[in-house]
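Chemist: The structure that follows is given in the form of structure tokens.
In our numbering, the protein residues as written are 180 to 714.
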């Protein structure tokens, strides 16, 4: 609770807001959609990188460093976007292209982030005060304040993480002369300077926590939103610290679950997938909604949060929530079937299939032109499978669940990245085909039969499912283009309808990815052994 009678501040109860945030999240499933859009934005950023890497490989297929970069990208331990950006091969092969990619990433992160956050925090406010929230609210809220949110996103992060960035810059600069005694002294000094600068950023993050809600609630922008966040956080410091501690506790619990699961022999990939899904679809919406409503109720014109007796939260989590999820998945299966057979969707299916075919063709060409030989030189072993699947164990089905969660989450990103006018969805499917094309090359695959044995058992379900997610993304891209070049109520309605369809289609893909994941972990290795693979 936050209360200060001397300053005339109202009472704000954290527990009331947090519990109501959960029930608001349960009542309005649409508030999860911005989290899906966030995954789509991440894939848009990745598509910029993957397109650049494919172009570099096509232009220099015999470059060993580029082959190493490609191997890192398709590895589960690649480090993501940061790992690619820190790879010297990415920078020194084509400096103009690399520079252009970084500029594009910054612009996409700011402009796309502005739209997504405007949609997210706008829909939180609407859900708090409304009986129903349609999918169209995602579009309308995103379009309403995206420029103000993008500007706030930039300045808020500069203010918050600027000190830590300065400290990190000092460390990086000192590494240039690390081989000299003066360089070692400079590195030690920079390391000592980094600690208080990083701590300063952590302190600032407590006071800038309400910057994004300020854009939606008060119509502020840039430094105005940051100042309002500082004021509300200062006036409600105990409440703000409570929110920060609760967030840390939840994230700590997820990490503890991961640690315990790994200690019990559960695959780390499953733990990671569990954290990603839990954060994206449950904790992030609840915590961000709580933060937004703390700021909202700090306003003088908003009534105090009333006390309400509600159903037990954990009873709902354990009994009612799984049933609600299954009902959404079942509805998604029906929507997905209608999407597959709908004649108006055939162009999008064709585009998705074309992206896969183009990717396979380009990947095969670069494989036989030098990439395959380079990967052999880097340690690739044709005919040797993943040793983790050498034999069936109690953990093998768990690996299948991890594969399912990862692929399902990627399908969300593939579909919702289509808001970038369809191109990211096309590039995502094309890169999947590109990877298959590289691996099917004669240097890396002993025979087409062995390659098929490694792909088809699970791929006969998994690949069409990815293509369907790509189709939904391309239809979403078409709807976005229609809204851009033919604005009006009809185009807005079509975009909202297509976004709703994309949600249900990808939700309905869950059973297919689940079956494919179990087959990939439990059945595919046995089929591979039958056709000559060793582990």
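Using N, Cα and C, we set each Cβ at its ideal position, and we do this for glycine too.
Mind checking which residues open and close the alpha helix (DSSP H) that includes residue 123?
Modeler: As displayed, the chain neither begins before 180 nor continues past 714, which places residue 123 out of reach and without an answer.
Chemist: In its own chain, which residues sit with a C-beta less than 7 Å from the C-beta of residue 330, not counting the 5 before and 5 after it?
Modeler: Here residue 330 is taken as the residue at index 151 of the chain shown, counted from 1. Around residue 330: 400, 401.
Chemist: Within the 8 Å Cβ cut-off, does residue 336 reach chain D?
Modeler: Structure shown: chain D not included; a single protein chain is present.
Chemist: Report, in whole angstroms, the separation of the C-beta atoms of residue 538 and residue 612, which I expect to be a contact under 8 Å.
Modeler: Within the chain shown, residue 538 is the residue found at index 359, counting from 1. Within the chain shown, residue 612 is the residue found at index 433, counting from 1. At roughly 2 Å, the Cβ-Cβ gap stays under 8 Å, so residue 538 and residue 612 are in contact.
Chemist: Between which residues of its own chain and residue 689 is the CB-CB distance below 7 Å, once the five residues before and five after are set aside?
Modeler: Taking the chain shown and counting its residues from 1, the one referred to as residue 689 is at position 510. Cβ neighbours of residue 689 beyond the five flanking positions: 508, 587.
Chemist: What does the alpha-carbon distance come out to for the pair residue 607 and residue 665?
Modeler: Your numbering for residue 607 matches position 428 in the chain shown. Your numbering for residue 665 matches position 486 in the chain shown. Their backbone Cα atoms lie some 27 Å apart in a straight line.
Chemist: Evaluate residue 392 with the Cβ neighbour count: other Cβ atoms within 10 Å of its Cβ, from every protein chain shown; 16 or more gives buried, anything less gives exposed.
Modeler: Indexing the chain shown from 1 puts residue 392 at position 213. That one is buried.
Chemist: Please report the distance separating the alpha-carbon of residue 217 from that of residue 714.
Modeler: Along the chain shown, one-based indexing puts residue 217 at 38. Along the chain shown, one-based indexing puts residue 714 at 535. Straight-line Cα distance between these residues: approximately 38 Å.
Chemist: Per DSSP, what kind of secondary structure is residue 593 in: helix, strand or coil?
Modeler: Taking the first residue of the chain shown as 1, we reach residue 593 at position 414. Helix, per DSSP.
Chemist: According to DSSP, what are the bridge partners of residue 563?
Modeler: Locating residue 563 in the chain shown gives position 384, counting from the first residue. In the DSSP output, where bridge partners are listed per residue, residue 563 has 713.
Chemist: When you compare only the Cα positions, how much space is there between residue 677 and residue 344?
Modeler: Against the chain shown, residue 677 aligns to sequence position 498. Against the chain shown, residue 344 aligns to sequence position 165. If you take the alpha carbons of residue 677 and residue 344, they lie about 40 Å apart.
Chemist: Rounding to the nearest angstrom, what Cα-Cα distance links residue 409 and residue 640 in this structure?
Modeler: Sequence index remark: in the chain shown, residue 409 carries index 230 (1-based). Sequence index remark: in the chain shown, residue 640 carries index 461 (1-based). If I take the Cα positions, the gap works out to 51 Å.
Chemist: Of the choices 532, 421, 294, whose alpha-carbon is the least far from that of residue 647?
Modeler: By 1-based counting over the chain shown, the position of residue 647 is 468. When only C-alpha atoms are compared, the closest one is 532.
Chemist: Assuming residue 232 is part of the alpha helix (DSSP H), what are its boundary residues?
Modeler: As a working note, residue 232 is residue 53 in the chain shown. Element bounds for residue 232: 212-238.
Chemist: Counting only runs of 3+ residues fully inside the segment 333-409, write out the beta strand (DSSP E) ranges in chain order.
Modeler: Qualifying beta strand (DSSP E) stretches: none in this window.
Chemist: For residue 200, which residues of its own chain have a beta-carbon under 7 Å away from its beta-carbon, when the five flanking residues on both sides are left out?
Modeler: Here residue 200 refers to the residue found at position 21 when the chain shown is read from its first residue. The answer, listed in chain order, is 465, 468, 469, 472.
Chemist: Do three or more CB pairs link the segment 374-389 to the segment 335-350 at distances below 8 Å?
Modeler: The segment 374-389, when compared against the segment 335-350, does touch it at the 8 Å Cβ threshold.
Chemist: Is DSSP giving residue 488 helix, strand or coil here?
Modeler: The residue labelled residue 488 in the question sits at position 309 within the chain shown. Residue placement at residue 488 is flagged as unreliable, the pLDDT there being 49, under the threshold of 50; the coordinate-derived value follows with that caveat. Of the three classes helix, strand and coil, the one that applies to residue 488 here is coil, per DSSP.
Chemist: Roughly how many angstroms separate the alpha carbons of residue 194 and residue 202, rounded to a whole number?
Modeler: As a position in the chain shown, residue 194 is number 15, starting the count at 1. As a position in the chain shown, residue 202 is number 23, starting the count at 1. Whole-angstrom Cα-Cα distance: 13 Å.
Chemist: On the CB-based measure, 16 or more other CB atoms within 10 Å of its CB, does residue 387 come out buried or exposed?
Modeler: Within the chain shown, numbered from 1, the residue matching residue 387 stands at position 208. It counts as buried.
Chemist: Assuming residue 590 contacts residue 644 under a Cβ cut-off of 8 Å, what Cβ separation, rounded to an integer in Å, is found between them?
Modeler: Counting from 1 along the chain shown, the entry for residue 590 is found at position 411. Counting from 1 along the chain shown, the entry for residue 644 is found at position 465. The pair is a contact, with the Cβ atoms about 7 Å apart (cut-off 8 Å).
Chemist: Along the chain, where does the alpha helix (DSSP H) that runs through residue 316 open and close?
Modeler: The sequence position of residue 316 within the chain shown is 137, counting from 1. It spans 315-323 - the alpha helix (DSSP H) in which residue 316 sits, taken as one unbroken run.
Chemist: Rounded to whole angstroms, what is the Cα-Cα separation between residue 675 and residue 681?
Modeler: Within the chain shown, the letter at position 496 stands for residue 675. Within the chain shown, the letter at position 502 stands for residue 681. Between residue 675 and residue 681, the C-alpha separation is close to 10 Å.
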